[in-house]
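Residue numbers (the numbering used here): 41 to 579.
Report on the following structure.
Spelled out as C-alpha cells, the structure:
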C-alpha cells in the first residue's frame, strides 16, 4: 500500500517547493505535483489532503545527549533559580515532594549563576548543606561542566583538602577547605558515586527523551551517551539502544557520537568490533567524540587570551595536546571519524593542529568536525575550510550567550565569534543542534536565533552581529540535510526526495513566509518517521 499526500506546501530542502508526495515501504517514491501524485493511486492507497499545510524533512539534531536529557527530566529543575536561596528552596521542596529516603542522592540540573539577581557566584557546599546534611546533594550547572556538591556528597566521594587535582579538571579549594565546586574532568569523581541506571531504566529514559524530541519535529539525533558514568560500561548504553531497535520502540534515528573515559576503553571498543557492528538506519555507531575544553558560561572554555571579566583565567585544557594527538591518531588509523568539543579559540587551535597531522587530502574525507566552535577567529575559520572540517553548532546558544559574550571576551574578540554566515558562504558544512539538556531541542527557537541573532528570552539585548544571520532556507538546511551529511547519511535522509526515507514534519504555518521574529511560535502538528505518524499535537 502507498500513501499519497496532496495539496501541501512541501519544502523539499534540496529541490524547492512542491505540493505532493507519495510514500511506500518507508520511502518517498514520488515528489511533485498533486496531479501526478494521484496517478500512483491504487485500490488500497490512502490519500491524505494536507490542505495547504507546510511540510518539510524531519529535523536532525546534530549534537545532543539523549540519555542525559531523559535522566534530568526527573531531577530538581533549577533553570528558573534567581539566587542561591532559590536553589536551596527548590532543593528542599524537591526532597519533600519526592519523599527521598535518607542517604539517596539529590540531583538537580540547570542553574546558571549569570541569571542570579544578587551575586553571580557558584553555590558551595555550605549553600547545599542548607538543603540537607544527611543526603548527598549535587546540583549541576546548565552547561554540565560545573558540579556543586554538599558536605555529605564530598564525604561519600572521599574528597578532602589532600585530594589531588585531576588532569583536565579542577576541585575548588580555599583557605585549606574544599568548596564543593568541581570543574570539567573533576566532575567524574561525583559521577562515579551516583548509582547507575539498570538496563530497563536506561531504555525508559531514552524513550522519554525520544518522545520529547519527536514533539519538536525531530526524527534523527546525533547523540553523546556512552559516558553517562565512569562506572557504566559503554556496552550497557549500546545494548539499550539496540534492544529498543529490535523491539521496534525507537522513534528516532540515532547516530552515537562515541565518547570514552580512557583511550584504553576506546581501544577495547575498536578491538571488539563495535565500530562496524551497528549500522542500520535506526541505530549506528557514529564518530569518536572528544572534549578539548569547558564552557563559556562557566569560564572554562580554553582561550588564547584571558577572560575579559576574569583576567587571571584562560579556561581549562580538558584534553592536553599530546593526548588529543594520541586519540586522533588512533582513530585515524582505524578509519573512524572524529568530532571534538571546542568552544574557546585556543581549544580549536589545538584540535585543528591534531586534525592537520592526520588528514590526507588524497584520501576520502572522514568528515572530521568541531562541536560548538563558538570563539573563533579568521585563521580558525580559514583552516576549517582548508581542511574540510565541519562544524556542529547550536544557534539556540545565542539566546543566552548574547547576554554575556562581550563581558566574557571583550568588544574586539566578539567580531569573529558565532560566524555562521561566513562559514556557510565559504562552503563549511554547518549542522545545527541543541546540546540538550543544555538547551531544549527546540528547532523553531534555534532557527529564529540563527536568523535574527537577537535574544528571545532577554528582550533588552540588541541583535548580535546581524551580518552573520542566515536565511530561513539556510536555517532549515542546517537542521536537515547538513545534519545528514555530518553522519554520512545525506543520500538516505535530510530532504524530501524520491528514494529517501520518509521522515517529515507538518507545521501549522508556512515557515518560508513566517515573520522572522515569530518563528519560535510555529507549532509542530505532526512528525512522521518511515512514513508512520509518531507525534500528533492533537492527541
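Just so you know, even glycine gets a beta-carbon here, dropped at the ideal spot from N, CA and C.
Residue i, DSSP secondary structure in three states
{"i": "residue 350", "result": "strand"}
{"i": "residue 376", "result": "coil"}
{"i": "residue 248", "result": "helix"}
{"i": "residue 405", "result": "coil"}
{"i": "residue 323", "result": "strand"}
{"i": "residue 528", "result": "coil"}
{"i": "residue 120", "result": "coil"}
{"i": "residue 278", "result": "helix"}
{"i": "residue 523", "result": "helix"}
{"i": "residue 483", "result": "helix"}
{"i": "residue 231", "result": "helix"}
{"i": "residue 368", "result": "helix"}
{"i": "residue 66", "result": "coil"}
{"i": "residue 255", "result": "helix"}
{"i": "residue 504", "result": "coil"}
{"i": "residue 466", "result": "coil"}
{"i": "residue 398", "result": "helix"}
{"i": "residue 58", "result": "strand"}
{"i": "residue 86", "result": "strand"}
{"i": "residue 389", "result": "helix"}
Whole-angstrom distance between residue j and residue i, CA atom to CA atom
{"i": "residue 92", "j": "residue 488", "result": "23 Å"}
{"i": "residue 454", "j": "residue 383", "result": "13 Å"}
{"i": "residue 88", "j": "residue 62", "result": "10 Å"}
{"i": "residue 280", "j": "residue 497", "result": "36 Å"}
{"i": "residue 292", "j": "residue 260", "result": "5 Å"}
{"i": "residue 558", "j": "residue 464", "result": "24 Å"}
{"i": "residue 146", "j": "residue 159", "result": "24 Å"}
{"i": "residue 79", "j": "residue 561", "result": "37 Å"}
{"i": "residue 215", "j": "residue 149", "result": "28 Å"}
{"i": "residue 322", "j": "residue 290", "result": "7 Å"}
{"i": "residue 42", "j": "residue 571", "result": "10 Å"}
{"i": "residue 317", "j": "residue 325", "result": "8 Å"}
{"i": "residue 174", "j": "residue 192", "result": "7 Å"}
{"i": "residue 187", "j": "residue 121", "result": "16 Å"}
{"i": "residue 305", "j": "residue 273", "result": "9 Å"}
{"i": "residue 124", "j": "residue 156", "result": "8 Å"}
{"i": "residue 506", "j": "residue 374", "result": "42 Å"}
{"i": "residue 381", "j": "residue 46", "result": "43 Å"}
{"i": "residue 542", "j": "residue 568", "result": "7 Å"}
{"i": "residue 556", "j": "residue 491", "result": "7 Å"}
{"i": "residue 443", "j": "residue 64", "result": "48 Å"}
{"i": "residue 178", "j": "residue 352", "result": "27 Å"}
{"i": "residue 44", "j": "residue 530", "result": "24 Å"}
{"i": "residue 348", "j": "residue 336", "result": "12 Å"}
Chain-order list of residues whose beta-carbon lies under 6 Å from that of residue i (same chain, five-residue window excluded)
{"i": "residue 72", "result": "58"}
{"i": "residue 386", "result": "342, 343, 344"}
{"i": "residue 420", "result": "388"}
{"i": "residue 268", "result": "107"}
{"i": "residue 518", "result": "470, 472"}
{"i": "residue 300", "result": "306"}
{"i": "residue 95", "result": "48, 50, 544, 546"}
Sequence-distant residues of the same chain with beta carbon closer than 7 Å to residue i, five excluded per side
{"i": "residue 102", "result": "262, 432, 471, 472, 473, 523, 526"}
{"i": "residue 255", "result": "564, 575"}
{"i": "residue 199", "result": "211, 218, 229"}
{"i": "residue 446", "result": "454"}
{"i": "residue 540", "result": "67, 68, 532, 533"}
{"i": "residue 580", "result": "Coverage of the chain is limited to positions 41 through 579, which leaves residue 580 absent and any answer about it impossible."}
{"i": "residue 112", "result": "149, 477"}
{"i": "residue 132", "result": "171"}
{"i": "residue 537", "result": "52, 54, 55, 68, 71"}
{"i": "residue 493", "result": "438, 503, 504, 505, 506, 508, 509"}
{"i": "residue 459", "result": "416, 421, 508"}
{"i": "residue 405", "result": "428"}
Bridge partners - residue i, DSSP secondary structure assignment
{"i": "residue 214", "result": "217"}
{"i": "residue 92", "result": "BP columns for residue 92 are empty, so no partner."}
{"i": "residue 572", "result": "569"}
{"i": "residue 381", "result": "331, 411"}
{"i": "residue 104", "result": "263"}
{"i": "residue 441", "result": "Bridge partners of residue 441: none, in fact."}
{"i": "residue 295", "result": "262, 324"}
{"i": "residue 38", "result": "Residue 38 lies beyond the stretch modelled for the chain, which goes from 41 to 579, so this question has no answer here."}
Cutoff 8 Å; reference residue i; Cβ partners in own chain excluding five residues on either side
{"i": "residue 566", "result": "545, 546, 573, 575, 576, 577"}
{"i": "residue 319", "result": "325"}
Chain C within 9 Å of residue i, Cβ atoms only
{"i": "residue 68", "result": "Note that chain C does not occur in the displayed structure, where there is just one protein chain."}
So does the stretch 367-374 actually touch the stretch 388-401, counting three or more Cβ pairs closer than 8 Å? yes
Three CB pairs or more closer than 8 Å across the stretch 425-442 and the stretch 476-487: yes
Using 8 Å as the threshold, is the stretch 192-208 in touch with the stretch 344-363, meaning 3 or more CB pairs across them? yes
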